[in-house]
Every structure is written in C-alpha cells, then in structure tokens.
Ligand code: NAD
Ligand code: MG
C-alpha cells in the first residue's frame, strides 16, 4: 500500500491522481490532500478518500471546510504555509504528489525532500526555478523525483534500462497548441476563451495558456535539463500535432525510442506512482492503424516568442529561469483576467528578463528574491500596458 500526500488535489492533475487511487484501492491511499481555495471540491474529496490531513490556503477557508465536513469528522484541517509543509512532510505518507500550480510548489517540494519523501512531480515550475538545487538535494537525501509531466514520463520510460552515456538527444514533443496554424497577424485578437481550448489535452487554466504560447514547452526544456541532468543543447523541441508520441530519446547508435499512448494524464501519473510496475489502466488504447499519420515539424520561434525566451533563460541559467517563470505567471494571470493582450505576454516577459541583473544563483533565497523582484517588475509593466 502506497500512502500519498497529494498537493493540489482539486486541480486537473490532482483529480486525475485521485482517479488512479480510486481505481486501485488495494495499492494506493490518499492520506493528505491540499488545495488553495476550492473548499467544496476538497470537502467532497475528503468525504470520498478519508485522508488524515486536509489543507487550504486561508484560515477562513479552513473554518468553512470544517463546517462543510461537520463536527464529527476526524480529518485534521490546517491552513497556509505551515499546513502545506505539514502535508508535504506528513509522517504517514510514503510519497508526495506535487500537483500545485506555479512557484507555490517550490517550498513544499523542498520540504518533502528534506523529509525523505519520494515525489511524483507535476509542478514543473519548481524545477524551472530551482532545478539544480532540487535535484542535488534529492540526490543527497536519496529521494526519487518521478516525472508526471507526460513528455518527461515518456523520456523517463525510454531511458529505462539504458545507459546515460549512450544518450545523444532528447526529442521533446509539443502539440503546438490551438494556434499552431493561426496566422501570426491574427494573434493580437486571441481571447482567453479561445486560448483555453486545447486541441488534445484537458488541463488547468495556467498550463493551457502556457501551451497556447508554447511557453509550456520552454518550461519543459528547463524541466528536462534538470530532471535528466543534460545540457540545454541535448534537448530539441519537435512539434507533433497529434500528441500520440509523448517524447523520444535518440541514442548514439542512431536508434530512437518513442513512448506513445492516448493523451490522458492518468498514464503518466500511474507510472510515476507505481514504476517499474505498469497498472492495468482503463484508458483508451491506440488502435493501430487508426491513429493514421504522425506529423513532426520544427517550432516557429518568431510566431511563438515565449518558447525562444524560455530557451534563452535555459541557456543563461542562474536566476533567469525563475525570472522567466515569475513574469510568465503574472502575464498569464493578467491575460486570463482580460487585462493583457495575448501578444503582450511575451513582451512582458522579455522586458522583465532584459531588466534583470543576472545573479549567479547561490541558494533558494537568491532564487526567491529574483522571483519576488520579477513579479513586482512584471506587474508594473502589465499595469503600464493596460493603463
Ligand atoms: P490546476 O490549476 O488545475 O490545479 C492546481 C492545484 O493547485 C489546485 O488544487 C489548486 O487549488 C492548487 N493551488 C493553486 N495555487 C496554489 C497556491 N498558490 N498554493 C497552494 N495550492 C495552490 O493545475 P493543473 O493543470 O492540475 O497543473 C498542476 C501542475 O501540474 C502545474 O505545475 C502544471 O504545469 C503541471 N502539469 C499539468 C498537466 C495537466 O495535464 N494538467 C500536465 C503536465 C504538467
Ligand atoms: Mg507536458
């Protein structure tokens, strides 16, 4: 029995994780669940999965959660950073599932590592901001970081039984998002409602916008760099509109291994929770030859400048990826709120990056400071753009 602390259980990845838990009750239990403010959803999950700990961000939401559950309920309810830390280090948990969105995932992830918990990590922003530190601490603590992101799960699967020295290239596939074939001159008119419609995947709002700008693929390059310990030049982004090949690895003898499957996150989640075992999942099968032709293309960096910015941040390293990430989070939030045009997202990030004085990253403190600075600066740029 693997007991899970699921951080961000009410989100898209969190709910898919709980579907896997529900499908294999003899293998998994959820012992701690956390959310930001979706109290009703969390209350239903607590009733269904009976964890020992439930956490929300605000104290008033914690009170509301207790009210919803009724006085007799035995779950412990906590709030805020202390609560998230308690869930990430929960004594009874064998594994932490990192499914929060954004920079908020960094602190609990580090706490989980410190507590010696293996981590199924969906929260890519953590690795974008502080991948070097996270991976080094995990290694020294003997903690496994298992990828949940579908591309990284694919790469991880392709690498099983292989030797690192034989790896020549990582081919990170990208669907291209909803605007792959939209002419660049129409980008200005893109509204949140259109950008939120991903052709192949159903995901939370932030990553769906990141997929539309291709920032998501840039974040994933940085994520892959740290997860697999390779140089940025080893990784190549390949557009693959069908989302059937989840990524590939090329070896020095010219062989290329690809991992394929239906686009459903439960596959990657279940593998992170149970590898090397494969669970009998009730997912749609690739019914060959039905998927038909698979297409591969080069990404258009002029049309999708967010990808170019992320590749640059990856090359520069140090605090730049954290600055990229923070400015992107601010810009995406403003776009979703109707305060910023789609094409302005890249501009806000570029300007914030240009003004950042690169600090050779020392520790988490320096990274958090760069994150704070970038959020503040991006907010000002957004304000000026919308005012
Ligand atoms: P989501 O928005 O659907 O869910 C986010 C979860 O985190 C919710 O439970 C929410 O309550 C919680 N949360 C949000 N902000 C928080 C904060 N500041 N503090 C604490 N908790 C907070 O997001 P998602 O699509 O499930 O994505 C989660 C993470 O997984 C992201 O980092 C995303 O990039 C990554 N990811 C998602 C998918 C996908 O298919 N959805 C695929 C690959 C990677
Ligand atoms: Mg992905």
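In my numbering, the protein residues as written are 1 to 387.
Even for Gly, the Cβ is constructed at its ideal location relative to N, Cα and C.
Every value quoted in this text rests on a predicted model; they were computed, and no experiment measured them.
Looking at the DSSP output, residue 173 shares a beta bridge with 238.
In the DSSP annotation of this structure, the continuous segment of the alpha helix (DSSP H) that includes residue 324 starts and ends at 320 to 336.
Assignment of beta strand (DSSP E) within the segment 37 to 91, counting only whole runs of 3 or more residues, yields 53 to 56, 76 to 79 in chain order. With a cut-off of 7 Å, the C-beta of residue 38 is classified as distant from ligand 2, since no heavy atom of the ligand falls inside that distance. Selection 331, 321, 240, 288 evaluated against residue 295 yields 240 as nearest (Cα-Cα). An exposed status is given to residue 384, since fewer than 16 other beta-carbon atoms sit within 10 Å of its beta-carbon. Distances between the C-beta of residue 344 and the heavy atoms of ligand 2 are all 7 Å or more. For the pair residue 259 and residue 66, the Cα-to-Cα distance works out to about 44 Å.
For residue 118, the enclosing beta strand (DSSP E) has its first and last residue at 118 to 121.
Straight-line spacing of the CA atoms in residue 279 and residue 269 works out to 11 Å. DSSP lists 5, 119 as the beta-bridge partner residues of residue 96. Rounded to the nearest angstrom, the Cβ distance from residue 192 to residue 336 is 5 Å, consistent with a contact under 8 Å. At least one heavy atom of ligand 1 is found less than 7 Å from the C-beta of residue 206.
With a cut-off of 7 Å, the C-beta of residue 220 is classified as near ligand 2, since at least one heavy atom of the ligand falls inside that distance. Note on geometry: alpha-carbon atoms of residue 25 and residue 68 lie some 25 Å from one another.
Taking C-beta separations shorter than 7 Å and ignoring five residues to either side along the sequence, the partners of residue 291 in its chain run 242, 244, following chain order. Between residue 277 and residue 23, the CB-CB gap reaches or exceeds 8 Å. Of the residues assessed, residue 194 falls on the exposed side of the cut-off, its CB having fewer than 16 other CB atoms within 10 angstroms. Residue 358 sits exposed, since fewer than 16 C-beta atoms from the chains shown fall within 10 Å of its C-beta. In the DSSP annotation of this structure, the continuous segment of the alpha helix (DSSP H) that includes residue 207 starts and ends at 205 to 213.
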